[in-house]
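Protein chains in written order, with my numbering: chain A, -10 to 150; chain B, -4 to 113; chain C, 91 to 184. Backbone N, C-alpha and C fix where the C-beta goes; we use that ideal spot for every residue, glycine too. Beneath this line is the structure, given in structure tokens, with notes to follow.
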Amino acid sequence: MRKVLPYPVLTASLIVVWMLLNAFTLGHLLLGTVVAVGASRVMTALEPSKPRLRRWQLIPWLCAVVLLDIARSNIAVVAVILQGNRRARRAGFVSIPLDLRDRTGLAVLACIVTSTPGTAWVEYDSATGMLVIHVLDLVEEQEWVELIKNRYEATLQEIFE
Amino acid sequence: MTHVENLPGWAALLTALLVFAGASLTLIGAVGTLRFRTFFERVHAPTLGTSWGTGAIVLASMLMFSVLGSRLVLHEILIGIFVTITTPVTLMLLARAALYRESSEGGETEVPADRRTD
Amino acid sequence: MTATTILVWSVTVSQLMLVAAMACYLYRLIRGPRAQDRVLSLDAIYACAMLLVLTFGIRTGSALYFEVALVIALLGFISSVALAKFLMRGEVIE
């Protein structure tokens, strides 16, 4: 089983993408399966580190929280842009010491931080675990450290570590 | 636009609202890049268009084609997923490149010295 | 004013707004001041073009525009990543 299907999740998602792009018919299921099995076996040559999902039940919850947070910070950034320079606003860098070490978890955290308007991932040092983000509307540094650590990092650690 | 005649009223209104919301977010983001003064502030502006700006227009397209075809059309969600995964990659690379270019030139930099890890 | 007229007008106004957004980014692309600003604007222009194509799909009711939008999104990602890498290292393929 492991020999034939080295990455079952990847294969399954490739089949779903194939059927979304074409049609949900039996013929496309068969064709998509052939393509997906072939493509996921090609991945073994790249030898990516295999992420282990410990608690995948938390993923839908995390997605919902992130979508809501993105909507909220969309509104906040729209307010910042429309107010222009009438209000004193300070943009700045915040350093956050991270405990999360799993590479997939860090990649997901990077996606969350960057796709949220108002925060951008700048630099991460894997030796010290120090993350630097840029915040558009910086009021209290400690607030952002706690937000990233409690809201996202804790959940990602539960999922991946 | 003859096909919209076949849309029920609620679907037409919802599509109109979503398209308008998405386009406004994108435009406000674009205005933001003109207003902000430093590069690291400008990085935040396009994410308005690539997060819920894209999301709203993709939802509008999905809604309209689903109602018109009276079956669930989901393939637009691929664009949404693709954009959410790829925008952070581009922006992170750009932010790192900007940091590198500024620190290698040794001139005035937006990044305070104690925040630099190297 | 029926719901259909509202939709037609909303799509037209949205397309004009997306074009205006592209014009803003174009200004940033020409003015700079730094190369990273130009790459950022180019990436945003690709995103706007993709959204514009999607609104054309809504306007005409043709599913073909979806594939065009997907191709634009793919090309935009690849070119922005290549340009960002170039800014960092001075070469794209090491």
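In the three-state scheme derived from DSSP, where H, G and I count as helix and E and B as strand, B:F31 is classed as coil. Within the same chain, and ignoring the five residues on either side of C:F167 in sequence, no residue has its Cβ closer than 7 Å to its Cβ.
Distances from the CA of B:A16 to each of A:A60, A:P86 and A:L51 were compared; the closest alpha carbon is that of A:A60. A:D91 places its beta carbon 8 Å or farther from that of A:G107.
The C-beta distance from B:L2 to B:M59 rounds to 7 Å, short enough to meet the 8 Å contact threshold.
Not one beta carbon of chain B lies nearer than 8 Å to the beta carbon of A:A143. For A:P86, the uninterrupted beta strand (DSSP E) segment begins and ends at G81 to P86.
Legend: CB atoms of the region 76 to 99 of chain B lying less than 7 Å from CB atoms of chain A belong to residues T79, I80, T82, P83, L86, M87, A90, R91 and L94.
Taking a Cβ-Cβ cut-off of 7 Å, A:G21 has no neighbours in chain B, whose nearest Cβ is about 13 Å from it.
DSSP places C:W99 within a helical segment (H, G or I) once states are collapsed to three. Identification of residues in the region 13 to 32 of chain B having a C-beta nearer than 8 Å to some C-beta of chain C yields V14, F15, G17, A18, S19, T21, L22, G24, A25, V26, T28 and L29, given in sequence order. For B:A6 and A:V54, the gap between their C-alpha atoms comes out near 27 Å.
Listed in chain order, the alpha helix (DSSP H) runs fully inside the region 13 to 96 of chain B are 34 to 37 and 49 to 64, counting runs of at least 4 residues.
Pairwise C-beta distances place the region 141 to 158 of chain C in contact with the region 39 to 56 of chain B, as three or more of them are shorter than 8 Å.
Note that the region 89 to 97 of chain B touches the region 123 to 134 of chain C; at least 3 beta-carbon pairs, one per stretch, sit closer than 8 Å. Here A:L57 carries a helix assignment [DSSP, helix/strand/coil]. Here A:W45 carries a coil assignment [DSSP, helix/strand/coil]. Chain-order list of chain B residues neighbouring A:L10: H70 and L73, by C-beta distance under 8 Å.
For C:Y155, the three-state secondary structure derived from DSSP is helix. Ranked by Cα distance from A:S115, the first of A:A109, A:W133, A:Y141 and A:L95 is A:L95. In the displayed model, A:E112 falls within a strand according to three-state DSSP. Using a CB distance cut-off of 8 Å, C:A139 does not count as an interface residue toward chain B. Residue state for A:L120 is assigned as strand, using DSSP reduced to three classes. A residue is called buried once 16 or more other Cβ atoms fall within 10 Å of its Cβ, and B:E0, having fewer, is exposed.
Residue range P(-3) to L10 is occupied by the alpha helix (DSSP H) that includes A:A1. Inter-segment contact for the region 144 to 164 of chain C and the region 96 to 108 of chain C is present: three or more beta-carbon pairs are separated by less than 8 Å. Identification of chain B residues near C:I96 by a Cβ-Cβ cut-off of 8 Å yields A7, L8 and A11, ordered along the chain. Measuring C-alpha to C-alpha distances from B:L29 to each of A:W7, A:L56 and A:L71 identifies A:L71 as the nearest. Burial check for C:D133: the Cβ neighbour count within 10 Å reaches 16 or more, so the residue is buried. Its chain contains F82, A109 and V111 as the residues whose beta carbon lies nearer than 6 Å to that of A:H123, once the 5 sequence neighbours on both sides are disregarded; these appear in chain order. Beyond the five residues adjoining it in sequence on each side, A:D58 comes within less than 7 Å, by CB distance, of T105 in the same chain, given in chain order. The beta carbon of B:G27 is closer than 8 Å to those of R37, H39, A40 and L43 in its chain, skipping five residues each way along the sequence. Contacts between B:H39 and chain A, judged by CB atoms closer than 7 Å, involve V66, P106, G107, A109 and L125 in chain order. For the region 145 to 169 of chain C, the beta-carbon criterion of a distance under 7 Å to any beta-carbon of chain B is satisfied by T145, G147, I148, R149, G151, A153, F156, A159, L160, A163 and F167. When C-alpha distances from B:T10 are compared across B:T85, B:V62 and B:I74, the shortest belongs to B:V62.
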